[in-house]
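S.K.: Numbering follows numbering that gives the first Met the number 0, in which position 178 of the sequence shown is assigned residue number 177; successive positions increment by one, without gaps.
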Amino acid sequence: MSSVNSEKGEVEVASMGYRISHQINLVLITLLAITGSMLLFPGLMSWLSYAVGAPLAAFLGSPYPVSVGEELARTSHRFLADVWGVFLIVYAIYLLVFRRIHVFDALRKPLGDQIREARALADHYILGKPLPDDVASSLERHNVLVAYMTVVLVVGIVLLSASGVLMVYSTYLGLTEGSYRLLLLLHDLGFYLALLFIFAHLFAVLHPSNRPLLVAMFSYGRIPLEWARRHMPRYLRHVEGGGS
0 MSSVNSEKGE VEVASMGYRI SHQINLVLIT LLAITGSMLL FPGLMSWLSY AVGAPLAAFL
60 GSPYPVSVGE ELARTSHRFL ADVWGVFLIV YAIYLLVFRR IHVFDALRKP LGDQIREARA
120 LADHYILGKP LPDDVASSLE RHNVLVAYMT VVLVVGIVLL SASGVLMVYS TYLGLTEGSY
180 RLLLLLHDLG FYLALLFIFA HLFAVLHPSN RPLLVAMFSY GRIPLEWARR HMPRYLRHVE
240 GGGS
């Protein structure tokens, strides 16, 4: 449960469990993106394949360090994907059982209000325009743009996971070459959707106005009350009112 510390003028926005899961996700997604890029763009990433594969190729006596590096990337990618998949399933079950999924709360607003909030936030972050008072006063812990981008991420993860599992077991499933190519296309599409989320997420968290959130995520999970009153007043009212 999020809590307010009036003496220190702080409110918790990220529990220890949330922060730990975020860092685990950060590491796994980064490694998956790197190994996946080595497979998706073999020519562009050949330098990394060589750097990774050269030591192992020398040990094995192979004259093809790039090929060894690509095979190592493929094996690592599958292993990391399995680890990430198990982690996501366990974490999703935890969130569902304890009703801790609040990232979509902004989607409960009427569609017209969502669109107005999204436009106002885009103008604020890109053009530096101030938020209208009615929009600012209704902001949740996660605003509507975060909710939209999370939907994009979920779609990307579903495409990545489903296509990845089917490709790994394509031989046992008797899939044709055409089916495999379609799965590969869906896997790439899922990667690009996840990449879109990551770029949007980085833009948001690195924006100067969101610095308190960035600090909170990599420290003790709390933000100043004054900042919360300006950027997530509805969430703060909920917390101060004793909501979970």
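By construction, the Cβ of each residue, glycine as well, lies at the ideal position given by its N, Cα and C atoms.
Keep in mind it's a predicted model, so treat the numbers as computed, not measured.
1) Do residue 67 and residue 50 have their C-beta atoms within less than 8 Å of each other?
2) For residue 6, tell me which candidate among 225, 131, 48, 229 has the shortest Cα-Cα distance.
3) Count the other C-beta atoms from every protein chain shown that fall within 10 angstroms of the C-beta of residue 245, then say buried if there are 16 or more, exposed otherwise.
4) Between which two residues does the alpha helix (DSSP H) holding residue 225 run?
5) Would you check if the segment 95-108 and the segment 133-146 touch, i.e. whether three or more CB-CB distances between them fall below 8 Å?
6) Go ahead and pull the three-state DSSP assignment for residue 115.
7) Curious, which full-length beta strand (DSSP E) runs of at least 3 residues does the segment 33-98 contain?
8) Throw me the rounded Cβ distance for the residue 200 and residue 148 pair, which I believe falls under 8 Å.
9) When the Cα atoms are used, what is the spatial distance from residue 112 to residue 134?
10) Cα-Cα, which of 137, 3, 4, 17 is closest to residue 218?
11) What separation, rounded to the nearest whole angstrom, lies between the Cα atoms of residue 3 and residue 70?
12) Measuring CA to CA, which of 116, 192, 208 is closest to residue 127?
13) In angstroms with no decimal places, state the Cα-to-Cα distance between residue 235 and residue 115.
14) Using only alpha-carbon positions, find the residue among 202, 230, 196, 96 that is nearest to residue 131.
15) So who's on the other strand from residue 11, going by DSSP bridges?
16) For residue 192 and residue 163, I'd like the C-alpha separation in whole angstroms.
17) Applying the 10 Å Cβ sphere with the 16-neighbour rule, what's the burial state of residue 35?
18) Can you tell me where the alpha helix (DSSP H) with residue 191 in it begins and where it stops?
19) Taking 6 Å as the limit between beta carbons, can you name the residues of its chain near residue 80, skipping five residues before and five after?
20) If the criterion is Cβ atoms closer than 8 Å, does the pair residue 151 and residue 196 meet it?
21) Taking C-beta to C-beta, are residue 212 and residue 186 nearer than 8 Å?
22) Buried or exposed for residue 64, going by 16 or more other Cβ atoms inside 10 Å?
23) Excluding the 5 residues preceding and the 5 following residue 27 in the sequence, name in chain order all residues of the same chain whose CB lies nearer than 8 Å to its CB.
24) Out of 137, 189, 176, which one is the CA nearest neighbour of residue 161?
M.R.: Quick look at the numbers:
1) Taking 8 Å as the Cβ cut-off, residue 67 and residue 50 do not qualify as a contacting pair.
2) Selected option, being the one with the closest Cα: 225.
3) In the structure as shown, the chain begins at 0 and stops at 243. Residue 245 is therefore absent and cannot be evaluated.
4) Counting along the chain, the alpha helix (DSSP H) containing residue 225 begins and ends at 224-230.
5) When Cβ pairs closer than 8 Å are counted between the two stretches, the segment 133-146 is seen to touch the segment 95-108, the count reaching three or more.
6) Helix.
7) Listed in chain order, nothing qualifies, since the segment 33-98 has no complete beta strand (DSSP E) run of 3 or more residues.
8) Right, their Cβ atoms sit about 7 Å apart.
9) The straight-line gap separating the alpha-carbon atoms of residue 112 and residue 134 is approximately 8 Å.
10) For the set 137, 3, 4, 17, the Cα lying nearest the Cα of residue 218 is the one of 17.
11) Those two C-alpha atoms are separated by around 51 Å.
12) Closest option to residue 127, Cα to Cα, is 208.
13) Cα-Cα distance, rounded: 21 Å.
14) Per the Cα distances, 230.
15) Residue 11 is bridged to 221.
16) Each residue's Cα considered, the two are about 15 Å apart.
17) By the neighbour-count rule (16 or more Cβ atoms within 10 Å), residue 35 is buried.
18) Note, residue 191: alpha helix (DSSP H), 176-204.
19) The beta carbon of residue 80 sits closer than 6 Å to the beta carbons of 163 from its chain, once the five residues preceding and following it are set aside; these are given in chain order.
20) The answer is yes: Cβ separation under 8 Å.
21) No.
22) Burial is judged here by how many other beta carbons sit within 10 angstroms of a residue's own beta carbon; residue 64 has at least 16 and is buried.
23) Within the same chain, and ignoring the five residues on either side of residue 27 in sequence, the residues whose Cβ sits closer than 8 Å to its Cβ are 79, 82, 83, 86.
24) Taking only the C-alpha atoms, the option nearest residue 161 is 189.
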